[in-house]
Amino acid sequence: MIYRFFEGIGEYFLFLREVFSRPEHWKEYYRSFLREVELLGFSSIALVCFISLFMGAVVLIQTAINLDNPFLADSYIAIAVREAIILEFAPTIVSLILAGKVGSNIASTLGTMRVTEQMDALRVMGINPASYLVLPKIIACLIFFPILVIFGMGMGLTGGYLAGDLLNLVNTEVYLSGYFMEFFPHYVTYSLTKTLVFAFIIATVSAYFGYKVEGGAVEVGKASTKSVVAMSFSIILFNYILTDLIL
Amino acid sequence: MIRVNNIRKSFGEQDVLKGIDVDLYPGKCNLIIGLSGSGKTVFLKSVLGLHNVDSGSIEYDGRMLGDLDKNETKKLRQEMGMVFQGSALFNSLNIEENVGLPLNFFSDMSLKEKSERIKFCLNKVRISDDDFTKTPAELSGGMQKRVAIARAIILNPKYLFCDEPNSGLDPETAIVIDELIHEITHEFGMTTIVNTHDMNSVLEIGDHVILLQDGKKTWEGRSEDILTTDAKSVVDYVFRSKLFKQMRSALKK
Chain F
1 MIYRFFEGIG
11 EYFLFLREVF
21 SRPEHWKEYY
31 RSFLREVELL
41 GFSSIALVCF
51 ISLFMGAVVL
61 IQTAINLDNP
71 FLADSYIAIA
81 VREAIILEFA
91 PTIVSLILAG
101 KVGSNIASTL
111 GTMRVTEQMD
121 ALRVMGINPA
131 SYLVLPKIIA
141 CLIFFPILVI
151 FGMGMGLTGG
161 YLAGDLLNLV
171 NTEVYLSGYF
181 MEFFPHYVTY
191 SLTKTLVFAF
201 IIATVSAYFG
211 YKVEGGAVEV
221 GKASTKSVVA
231 MSFSIILFNY
241 ILTDLIL
Chain D
1001 MIRVNNIRKS
1011 FGEQDVLKGI
1021 DVDLYPGKCN
1031 LIIGLSGSGK
1041 TVFLKSVLGL
1051 HNVDSGSIEY
1061 DGRMLGDLDK
1071 NETKKLRQEM
1081 GMVFQGSALF
1091 NSLNIEENVG
1101 LPLNFFSDMS
1111 LKEKSERIKF
1121 CLNKVRISDD
1131 DFTKTPAELS
1141 GGMQKRVAIA
1151 RAIILNPKYL
1161 FCDEPNSGLD
1171 PETAIVIDEL
1181 IHEITHEFGM
1191 TTIVNTHDMN
1201 SVLEIGDHVI
1211 LLQDGKKTWE
1221 GRSEDILTTD
1231 AKSVVDYVFR
1241 SKLFKQMRSA
1251 LKK
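Residue numbers (the working numbering), protein chains in the order written: chain F, 1 to 247; chain D, 1001 to 1253.
Here it is, written out as structure tokens:
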């Protein structure tokens, strides 16, 4: 099993080398990139906003209940909510959700293309399927995931504010002022750096599992599941490593 | 001409191709026939270079596949067209985009020229202009095969490969596909290699027929000879059905 694991790591890096080989035709890659932005990015905005809005509301409720102290101003609750959302919930939870949505989409799309010989068709044409099919997806994820995470941050903070207001848990004026107190822009940089790494992991790990499928429809499903598990492990592991290195 | 010299290919312990020598002629429909599991698809994919052979060589008009550098291989690939068994059309692209993809990558044509070439190839395979914007999922199996043929010939290839082009089609559509392949081969002087186990195709379009059995070539000849030969492998393969037995006895008389 350990041998198979390291063999898989080796194959993953060989796959990346193939992906990052020189594109045959930049214009076609650009067209493909635009399609991927629409498919992987724009279609995820609603999901990310919905989840972030309620996540922010839940974080506010839990924090407000736990910090229910007359000696503690509501602005401190706001700071706790803000840090929780910016540092962890927006980049990590949104990335895990995107691993499920976008990652499984990439793995199953590429897996289906493999088993229906579409990749062979590209190879016969003289087009490198790894590069043509995967590179635009990686670039789309790298560009669009930080945008989604910024949306997530905004919606999370809005959710926190709305929950506090609607449930009358905090003094909203004091709470709102807390969002702007002791703000470290470095936290946003840290958060977006993490997002870029997670975006790369999601795009490449899912593509690797999809690209290597052999067999039929059942194997495509298995590869999709395996890719989500591998992405989730990798995201959690790199979350720890990056936090230790950057923060 | 494609010259295949003693190629062998195995997957793990299983030997699939056991030393095949064959010449595939230009301007002719070279048919590879044989039972399921006889190694036809592996042979075709090995000749295409999609499988690396364990030993032996494949020569395209004097160019050894495997000895070519990256640019030469790419150039050779542009001289090949392939029709896959399941058509292998790209689901995210419409018909026009599917057929035009190789042109976008490998031609310097203007948009107008590209559009004309796409229209020519699609009309050649009897796809009407109204269907150009449809996606592959909106087409019937026969139409998908015809679009796949149009895509295969878009760069005007010297070598056309077809893997069971009429499998899963009704007899009438199968004949249309066979006629198209035959017509294109002779009109453009292509070296066409067709994998099939449809005896109707053999008799309709087979200029040069190669019989594979258990990874070996067991017979080679003209389609006219297949009904009269006494070769055991052909007799075993072709004359199992009553119809062909009757045809054979009628021809022998």
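Ideal Cβ positions, reconstructed from N, Cα and C, are used throughout, including at glycine. This structure is a prediction, so every number in the text was calculated from the model and none was measured.
*asked:* On a Cα-Cα basis, can you pick out the residue from F/V220, F/N239 and F/F233 that is closest to F/L110?
replied: For this step, residue 110 of chain F is matched to residue 110 along the first sequence. When only C-alpha atoms are compared, the closest one is F/V220.
_Does the segment 1005-1013 of chain D come into contact with the segment 236-244 of chain F, if we say contact requires no fewer than three beta-carbon pairs (one atom in each stretch) closer than 8 Å?_
no
*For the segment 113-121 of chain F and the segment 206-217 of chain F, state whether three or more C-beta atom pairs, one from each stretch, are separated by less than 8 Å.*
yes
*With a Cβ-Cβ cutoff of 7 Å, do D/V1083 and D/I1149 count as a contact?*
Residue mapping note: residue 1083 of chain D aligns to position 83 of the second sequence, counting from 1. Residue mapping note: residue 1149 of chain D aligns to position 149 of the second sequence, counting from 1. Yes. Within cutoff.
*Under 7 Å between the Cβ atoms of D/T1196 and D/L1160?*
Within the second sequence, the letter at position 196 stands for residue 1196 of chain D. Within the second sequence, the letter at position 160 stands for residue 1160 of chain D. For D/T1196 and D/L1160, no; Cβs fall outside 7 Å.
*Please check the pair F/A270 and F/G152, which I expect to be a contact at CB under 8 Å, by giving their CB distance rounded to whole angstroms.*
It is not possible to answer for residue 270 of chain F, since the shown part of chain F is limited to 1 through 247.
*asked:* Comparing C-alpha positions only, which one of D/S1046, D/A1152 and D/M1190 sits nearest to D/N1030?
replied: Numbered from 1 along the second sequence, position 30 holds the residue referred to as residue 1030 of chain D. Among D/S1046, D/A1152 and D/M1190, the Cα nearest to that of D/N1030 is on D/M1190.
_Quick check: the Cα distance between F/I143 and D/T1041, rounded to an integer number of angstroms?_
On the first sequence, position 143 is the one that residue 143 of chain F refers to. On the second sequence, position 41 is the one that residue 1041 of chain D refers to. The straight-line gap from Cα to Cα measures roughly 41 Å.
*Proximity to D/R1003 [Cα-Cα], best of D/L1017, D/P1026 and D/E1013*: If you number the second sequence from 1, residue 1003 of chain D lands on position 3. Comparing Cα-Cα distances from D/R1003 to each of D/L1017, D/P1026 and D/E1013, the minimum goes to D/P1026.
*Is DSSP giving D/E1059 helix, strand or coil here?*
Along the second sequence, one-based indexing puts residue 1059 of chain D at 59. Residue state, collapsed to three classes: strand.
*asked:* Could you check whether the Cβ of D/G1100 sits closer than 7 Å to any Cβ belonging to chain F?
replied: If you number the second sequence from 1, residue 1100 of chain D lands on position 100. Not one chain F Cβ lies under 7 Å of D/G1100.
*Thinking C-beta only, is F/A107 closer than 7 Å to F/S227?*
Here residue 227 of chain F corresponds to residue number 227 of the first sequence, with the count starting at 1. Here residue 107 of chain F corresponds to residue number 107 of the first sequence, with the count starting at 1. Yes, Cβ-Cβ distance for F/S227 and F/A107 is below 7 Å.
*Got a sec: is the Cβ-Cβ distance from F/Q62 to anything in chain D below 7 Å?*
As a working note, residue 62 of chain F is residue 62 in the first sequence. It does not: the Cβ of F/Q62 has no partner Cβ on chain D nearer than 7 Å.
*Taking Cβ-Cβ distances shorter than 7 Å, what residues in chain D pair up with F/I127?*
If you number the first sequence from 1, residue 127 of chain F lands on position 127. Per Cβ cutoff of 7 Å: F1105.
*With a CB to CB cut of under 6 Å and the five nearest residues on each side skipped, what residues in its chain are close to F/V134?*
Position 134 of the first sequence holds residue 134 of chain F. Correct list, in chain order: V19 and A207.
*Does F/A121 get closer than 7 Å to chain D when you measure Cβ to Cβ?*
Translated into positions along the first sequence, residue 121 of chain F becomes position 121. True, the Cβ-Cβ gap to chain D drops below 7 Å.
*D/G1195 lies in the alpha helix (DSSP H); which residues open and close that run?*
For the purposes of this step, residue 1195 of chain D is identified with residue 195 of the second sequence, where counting begins at 1. The sequence shown places Asn at residue 1195 of chain D, rather than the Gly named in the question. First-last for D/N1195: T1191 to T1196, but that is the beta strand (DSSP E), not the alpha helix (DSSP H).
_7 Å Cβ cutoff, D/A1150 in contact with chain F_ = Here residue 1150 of chain D corresponds to residue number 150 of the second sequence, with the count starting at 1. Judged by the 7 Å Cβ criterion, D/A1150 is not in contact with chain F.
*asked:* Runs of 4 residues minimum, wholly inside the segment 1144-1169 of chain D: which ones carry the alpha helix (DSSP H) assignment?
replied: none
*Work out the CA separation of D/P1171 and F/L53 for me, nearest whole Å.*
Position 53 of the first sequence holds residue 53 of chain F. Position 171 of the second sequence holds residue 1171 of chain D. If you take the alpha carbons of F/L53 and D/P1171, they lie about 59 Å apart.
*D/H1051: first and last residue of the uninterrupted alpha helix (DSSP H) it sits in*: Counting from 1 along the second sequence, the entry for residue 1051 of chain D is found at position 51. Careful: D/H1051 lies outside any alpha helix (DSSP H) and carries neither H nor E.
*Out of F/K212, F/A84 and F/S75, point me to the one whose CA is closest to F/L169's CA.*
Here the question's residue 169 of chain F lines up with position 169 in the first sequence. For the residues F/K212, F/A84 and F/S75, the minimum Cα distance to F/L169 belongs to F/S75.
*So which residues on chain F does D/A1088 lean against when the C-beta distance must stay under 8 Å?*
For this step, residue 1088 of chain D is matched to residue 88 along the second sequence. Simply T116, E117, Q118, D120 and A121.
*Considering F/I246, what are the terminal residues of the alpha helix (DSSP H) in which it resides?*
Walking along the first sequence from the start, residue 246 of chain F turns up at place 246. Run containing F/I246: A217 to I246, per the alpha helix (DSSP H) assignment.
*asked:* If you measure between the beta carbons of D/P1165 and D/I1177, is that distance less than 7 Å?
replied: In the second sequence, counting from the first residue as 1, residue 1165 of chain D sits at position 165. In the second sequence, counting from the first residue as 1, residue 1177 of chain D sits at position 177. Result yes, Cβ atoms of D/P1165 and D/I1177 sit closer than 7 Å.
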